[in-house]
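A short worksheet on the structure shown next.
Protein chains in written order, with our numbering: chain L, 348 to 461; chain B, 211 to 351.
Okay, here's the thing in structure tokens:
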């Protein structure tokens, strides 16, 4: 149930993001300067946090999706619960690693640590 | 002890099973899922992570230059990614809508709306890809 719900919620988030991503990349159609300005917007800490939340949705949806593809192929059917926790654990582990990488590379982060 | 009675009702009946209408979207959802694992990995690596003398900032020129390195590979990958994500995403939204709503008219309306959104997104995304691939880099001018 939890896997089913999280897969659907993350899928909806990713579908909304997909349309937003196609929309914001339209700037390329107006030329290089416009595209670069759009990309600059996404360098701010706020958008870095949004990126991380996006990564969380991508990680869970894809890892749980691989789990579902395995079931379709008749594999792992007796270990559904264990595979869910494996997907969930990997999601959290990669997410935490990425968050540390992103925040330690933010402008000013190196000075703040010193 | 039970006795098996051979009556016309007890005989196996020939039942014609029509293919379910949802089979093709179900299959395509799986096919696009497999494709996305490849397309997304290539897209993320080459467009966002691979460092081609770029420093940390991604710019139009860098994206454009990368497209010009292996134009056929990137074009095929990103066109595949665009098509597969739009289908997978919009069909996924349709699946969720079908879980929630049972009214046939509402379901049909949602499906039509999602098809229109998909076509617009595909058209607009293709124009963006063309712009990123075709414009000359600043260095080439």
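By construction, the Cβ of each residue, glycine as well, lies at the ideal position given by its N, Cα and C atoms.
Using the C-alpha atoms, what's the distance from residue j back to residue i?
i	j	result
residue 482 (chain L)	residue 409 (chain L)	Residue 482 (chain L) is absent from the structure shown; chain L starts at 348 and stops at 461.
residue 315 (chain B)	residue 322 (chain B)	11 angstroms
residue 447 (chain L)	residue 402 (chain L)	13 angstroms
residue 406 (chain L)	residue 277 (chain B)	26 angstroms
residue 367 (chain L)	residue 295 (chain B)	13 angstroms
residue 382 (chain L)	residue 359 (chain L)	27 angstroms
residue 426 (chain L)	residue 414 (chain L)	10 angstroms
residue 317 (chain B)	residue 445 (chain L)	39 angstroms
residue 305 (chain B)	residue 449 (chain L)	34 angstroms
residue 386 (chain L)	residue 269 (chain B)	7 angstroms
residue 388 (chain L)	residue 363 (chain L)	19 angstroms
residue 437 (chain L)	residue 348 (chain L)	19 angstroms
residue 460 (chain L)	residue 390 (chain L)	Because residue 460 (chain L) carries a pLDDT of 46, less than 50, the predicted location of this residue cannot be relied on, and the following value inherits that uncertainty. Between residue 460 (chain L) and residue 390 (chain L), the C-alpha separation is close to 20 angstroms.
residue 238 (chain B)	residue 303 (chain B)	14 angstroms
residue 242 (chain B)	residue 365 (chain L)	15 angstroms
residue 370 (chain L)	residue 272 (chain B)	20 angstroms
residue 280 (chain B)	residue 232 (chain B)	38 angstroms
residue 313 (chain B)	residue 423 (chain L)	36 angstroms
residue 451 (chain L)	residue 400 (chain L)	17 angstroms
Just to confirm before moving on: does the CB-CB distance between residue i and residue j stay below 8 angstroms?
i	j	result
residue 320 (chain B)	residue 307 (chain B)	yes
residue 341 (chain B)	residue 440 (chain L)	no
residue 361 (chain L)	residue 299 (chain B)	yes
residue 329 (chain B)	residue 291 (chain B)	no
residue 431 (chain L)	residue 350 (chain L)	yes
residue 338 (chain B)	residue 373 (chain L)	yes
residue 240 (chain B)	residue 416 (chain L)	yes
Out of the options, state which residue places its alpha-carbon closest to the alpha-carbon of residue i.
i	options	result
residue 297 (chain B)	B:277, B:278, B:286, B:324	B:324
residue 236 (chain B)	B:301, B:255, B:343, B:250	B:301
residue 245 (chain B)	B:343, B:271, B:293, B:310	B:293
residue 285 (chain B)	B:271, B:311, B:257	B:257
residue 274 (chain B)	L:365, L:451, L:443, L:380	L:380
residue 310 (chain B)	L:350, L:349, L:355	L:355
residue 248 (chain B)	B:272, B:287, B:238, B:333	B:287
residue 252 (chain B)	B:343, B:331, B:344, B:289	B:289
residue 443 (chain L)	L:424, L:384, L:396	L:396
residue 434 (chain L)	L:421, L:398, L:404	L:404
Buried or exposed for residue i, going by 16 or more other Cβ atoms inside 10 Å?
i	result
residue 412 (chain L)	buried
residue 419 (chain L)	exposed
residue 234 (chain B)	exposed
residue 344 (chain B)	exposed
*Considering only residues of the region 249-316 of chain B, which uninterrupted alpha helix (DSSP H) runs meet the minimum length of 4 residues and lie entirely inside it, listed in chain order?*
270-279, 281-310
*asked:* Suppose only complete runs of 4+ residues qualify. What are the alpha helix (DSSP H) ranges in the region 377-418 of chain L, listed by chain order?
replied: 379-388
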